[in-house]
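Peer 1:
2 protein chains.
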Amino acid sequence: MVNIKEVAKAAGVSASTVSRVLTGKIPVSAETKSRVLAAVAQMNYQPNAVAQGLKGGRLHTIGLVVPNIRSLVFPAAIRGIEDTAEQHGYTVVLCNTDENIDKERLYIESLRRRLVDGFLFSTARPGHEYLLDLPDEGVPVVFLIRQLGKSVNTVVLDNEGGAYEATRYMLGRGLRKIAFINGSLDLPLYRHRYEGYQRALREAGVGEPDKLVIHDISGWDDGYETMTEVLAAGLRPDAVFATSDPKAMGIIRAIRDAGLQVPQDISVMGFDNLDFSNQIDPPLTTVAQPFYEMGVRACRRLIHLIESGRSGRSKIEVLPAQLVIRKSVI
Amino acid sequence: MVNIKEVAKAAGVSASTVSRVLTGKIPVSAETKSRVLAAVAQMNYQPNAVAQGLKGGRLHTIGLVVPNIRSLVFPAAIRGIEDTAEQHGYTVVLCNTDENIDKERLYIESLRRRLVDGFLFSTARPGHEYLLDLPDEGVPVVFLIRQLGKSVNTVVLDNEGGAYEATRYMLGRGLRKIAFINGSLDLPLYRHRYEGYQRALREAGVGEPDKLVIHDISGWDDGYETMTEVLAAGLRPDAVFATSDPKAMGIIRAIRDAGLQVPQDISVMGFDNLDFSNQIDPPLTTVAQPFYEMGVRACRRLIHLIESGRSGRSKIEVLPAQLVIRKSVI
DNA sequence: CTGAAAGCGCTTACAG
DNA sequence: CTGAAAGCGCTTACAG
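Line by line, the protein sequences give chains P and G. So the first sequence is numbered by our numbering: it starts at 1 and just counts up by one. So the second sequence is numbered by our numbering: it starts at 1 and just counts up by one.
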């Protein structure tokens with residue numbers, strides 16, 4: 001690839017001048033400017049980003065660390081992140097940790113070697129408190145979807161509010177015995193969903209159903225097994241609130257395999273509104289997360305941190321959830 | 001972050017020596033070596049990868065360009081790529097093009113500015129022939145999943161063989177009138193699936209069903225509409241071979257919405273074996289693509305290209321497909 | 001407005 | 001085996 005010296009030579013100026021024309025901050029005479037620009041265009045010159053990075057200390061690159069790229073929730077957010085990064089001239093480096101803390105540490109270590117100007121994490125959870133030290137070491141960091149403490153800038157969903165609305169909706173449909181099949185309470189997002197569910201029940205004067213509030217369930221297979229056990233135990237909720245769409249999918253399968261119908265016999269509420277949630281049978285009534293928007297906000301905030309050079313007061317931004325009514329709740 | 005000079009000072013040696021200890025190719029006395037290593041460990045020194053990249057010309061980074069990260073097929077391959085890259089000390093930069101050629105060009109341009117040592121593309125298709133020029137310009141390139149011409153190293157599925165086996169299986173189940181709902185024939189992968197289907201029919205002495213071979217269908221909604229029209233036109237295939245799982249999902253929905261049952265009235269064969277294909281009702285019989293393995297092979301090949309520094313003879317590697325029998329074919 | 005010089009943090013011939 | 005020097009390709013004070 002052609003470098004700045006060759007361009008300078010072709011334009012009959014010094015390398016400094018070429019650089020000044022391209023960065024555009026320092027005045028250059030119109031005449032030389034056009035000469036340089038012509039040479040740049042003609043030689044198809046692109047400044048070497050690595051050299052720029054070495055000089056300026058920034059490579060205009062963002063490290064995005066997600067627990068699992070196959071989980072369907074992260075790809076949606078990634079698009080928002082990517083689009084925003086691109087608009088600001090940043091490139092996104094994607095890292096998948098499999099929820100493995102050693103893998104995460106390795107990535108952070110390797111990317112901190114100047115390859116990355118800042119990090120976006122969707123992997124925050126108890127046990128990962130060391131992430132909280134990064135800002136103090138001068139590394140710009142934003143958390144996304146998952147939160148941990150209050151000291152780091154974060155973009156999350158209003159999980160409590162979303163679960164509250166969904167539960168209220170089910171109560172409004174006359175459903176009373178609403179099972180709650182939840183993820184791990186280690187994650188604040190599942191804790192908050194549980195709190196939203198509890199608040200709605202409390203306000204309606206309805207108690208939590210016995211043996212039908214189950215935590216620590218993850219994914220479709222786990223959802224399937226859990227619901228199969230619930231039904232095998234002779235428990236018959238009016239509805240099941242699954243705190244993720246994959247869980248809802250497994251739960252629907254279990255209900256059907258038990259010879260019952262959704263929503264005629266048991267209603268099912270999901271949470272996420274993943275791409276496929278409209279495609280299954282019955283189309284899933286669920287709580288939509290604005291994944292794309294969360295990605296955009298988080299990325300903007302990070303770029304701001306990077307470019308302003310100071311951390312400022314950290315802020316937790318909470319985006320509203322939205323109930324999407326389809327056919328899985330009666 | 002601490003730099004090599006500070007480490008050198010702490011160890012009482014020159015920067016050159018620190019570098020030599022760390023790169024390990026040039027002999028250093030055991031005594032100084034241990035002194036340097038101690039300083040490195042104590043100061044937690046990590047060489048600045050950007051400076052290394054500027055010097056050596058390589059940043060140990062791979063650009064991965066996919067058409068759509070939300071499509072469910074790419075995330076599976078990405079894991080294989082990422083794991084392989086990590087093993088070899090490479091980082092993956094993910095780019096999503098939305099099948100938009102301008103976006104693709106922009107990414108290539110920005111990443112070629114030395115940020116990336118080579119590219120992995122899953123976006124090859126007619127109209128993107130300019131990708132074929134990259135190897136000639138000295139950029140290591142490997143195509144993955146999609147192919148274009150024969151001049152670039154490529155890792156793809158045996159699409160013809162997979163479709164052939166699937167069709168043979170359906171014929172073996174006594175199904176004769178097998179509709180074929182396919183993607184765009186612009187992509188060799190769909191052309192090859194069509195050829196496999198044709199070969200199986202031909203060998204069985206069964207003709208292609210009238211009006212039931214439909215190309216250019218993409219995704220679940222398109223699949224749903226197409227199948228709805230087929231049924232509305234009074235056509236009643238014994239089976240439908242959908243050349244992607246999302247299409248199969250939409251087709252199953254359409255069949256059910258028309259008051260028919262899968263597989264009792266109409267069988268449905270998918271293609272991909274995505275994560276959710278086992279979760280839907282009925283669990284999908286489909287052709288599995290070894291996405292992870294394709295990612296591994298493609299990434300290995302690219303790293304080999306990068307490190308050997310020569311392009312060698314390009315090779316198209318074809319991995320076998322595997323029929324996964326579940327419940328959607330009678 | 002413009003050029004020559006210094007320097008970003010490394011690596012690697014060149015001497016010794 | 002080890003240090004001093006040069007250089008990777010830029011950018012940016014420093015002179016003029």
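Just so you know, even glycine gets a beta-carbon here, dropped at the ideal spot from N, CA and C. As the structure is a computational prediction, the values presented were derived from the model and not from experiment.
What first and last residue would you give for the beta strand (DSSP E) that runs through P:GLU317?
Peer 2: 316-319
Peer 1: Under the DSSP definition of a beta bridge, which residues are partnered with P:ALA179?
Peer 2: P:VAL240
Peer 1: Taking the C-alpha atoms as reference points, what is the distance between P:ARG125 and P:PRO67?
Peer 2: Rounded to the nearest angstrom, the two C-alpha atoms are 11 Å apart.
Peer 1: Can you tell me whether P:PHE119 is helix, strand or coil according to DSSP?
Peer 2: Three-state result, P:PHE119: strand.
Peer 1: Look at P:VAL40 and P:THR123 and say whether their C-beta atoms are less than 8 Å apart.
Peer 2: No, the pair does not count as a contact, with Cβ atoms beyond the cut-off.
Peer 1: Can you give me the C-alpha to C-alpha distance between P:SER308 and G:ALA76, rounded to a whole angstrom?
Peer 2: 37 Å
Peer 1: Please classify G:TYR107 as buried or exposed, where buried requires at least 16 neighbouring CB atoms within 10 angstroms.
Peer 2: buried
Peer 1: Is P:LEU64 helix, strand or coil when you go by DSSP?
Peer 2: strand
Peer 1: Chain G partners of P:MET249, CB-CB under 9 Å?
Peer 2: Within chain G, the residues near P:MET249 are PHE276, GLN279 and ILE280.
Peer 1: Could you give the distance in angstroms between the alpha-carbon of P:ALA49 and the alpha-carbon of G:ARG113?
Peer 2: 5 Å
Peer 1: Examine the Cβ distances between the region 129-137 of chain P and the region 161-171 of chain P and report whether three or more of them are shorter than 8 Å.
Peer 2: no
Peer 1: Report yes if the C-beta distance between G:GLY369 and G:ILE62 is below 8 Å; otherwise report no.
Peer 2: For residue 369 of chain G there is no data in the structure shown, the boundaries of chain G being 1 and 330.
Peer 1: From this set, P:GLY80, P:LEU37, P:ILE101 and P:VAL73, which residue's C-alpha is nearest P:LYS9's C-alpha?
Peer 2: The option with the nearest alpha carbon to P:LYS9 is P:LEU37.
Peer 1: CB G:ALA239 to CB G:VAL268, shorter than 8 Å?
Peer 2: yes
Peer 1: Name, going along the chain, the residues of the region 90-111 of chain P whose beta-carbon falls closer than 9 Å to a beta-carbon of chain G.
Peer 2: THR91, VAL92, VAL93, LEU94, CYS95, ASN96, ASP98, LYS103, LEU106, TYR107, GLU109, SER110 and LEU111
Peer 1: Find the residues of chain G that neighbour P:ALA51, judging by a C-beta separation of less than 8 Å, and give them in chain order.
Peer 2: LEU54 and ARG114
Peer 1: So the alpha helix (DSSP H) G:PHE74 belongs to, where does it begin and stop?
Peer 2: 73-87 is the extent of the alpha helix (DSSP H) around G:PHE74.
Peer 1: When the distance is taken between beta carbons, is P:ALA254 closer than 8 Å to P:THR228?
Peer 2: yes
Peer 1: When you compare only the Cα positions, how much space is there between G:ALA42 and P:VAL73?
Peer 2: It should be pointed out that residue 42 of chain G corresponds to Gln in this sequence rather than to Ala. G:GLN42 and P:VAL73: Cα-Cα distance of roughly 40 Å.
Peer 1: Given this structure, state the Cα-to-Cα distance separating G:GLU317 from G:ARG199, to the nearest angstrom.
Peer 2: 22 Å
Peer 1: Would you tell me roughly how many angstroms separate the C-alpha atoms of G:ARG301 and G:GLY149, rounded to the nearest one?
Peer 2: 18 Å
Peer 1: Checking contacts by CB at 8 Å: is P:ARG35 closer than that to chain G?
Peer 2: no
Peer 1: Could you tell me which whole beta strand (DSSP E) segments of length 3 or greater appear in the region 202-247 of chain G?
Peer 2: 239-242
Peer 1: So what's P:ASN3 in DSSP terms, helix, strand or just coil?
Peer 2: coil
Peer 1: Contact criterion: CB-CB distance below 8 Å. Does G:ILE69 meet it with respect to chain P?
Peer 2: Answer yes: the Cβ-Cβ gap between G:ILE69 and chain P drops below 8 Å somewhere.
Peer 1: My understanding is that P:PRO47 touches P:ILE81, with C-beta atoms under 8 Å, so please give their C-beta distance in whole angstroms.
Peer 2: At roughly 25 Å, the Cβ-Cβ gap does not stay under 8 Å, so P:PRO47 and P:ILE81 are not in contact.
Peer 1: Can you check which of these residues, G:VAL21, G:LEU187 and G:SER151, is closest to G:ASN159 by C-alpha distance?
Peer 2: G:LEU187
Peer 1: Can you tell me which of the three DSSP states P:LEU59 falls into?
Peer 2: coil
Peer 1: Quick one: does G:GLN87 have its CB under 8 Å from some CB of chain P?
Peer 2: no
Peer 1: By DSSP, does G:ASN153 sit in helix, in strand, or in coil?
Peer 2: strand
Peer 1: The beta strand (DSSP E) with G:VAL268 in it runs from where to where?
Peer 2: 267-269
Peer 1: The beta strand (DSSP E) that contains G:LEU323, what's its start and end?
Peer 2: 322-324
Peer 1: Measuring alpha carbon to alpha carbon, tell me which of G:THR91, G:MET1, G:LEU111 and G:LYS33 ends up nearest P:GLY57.
Peer 2: G:MET1
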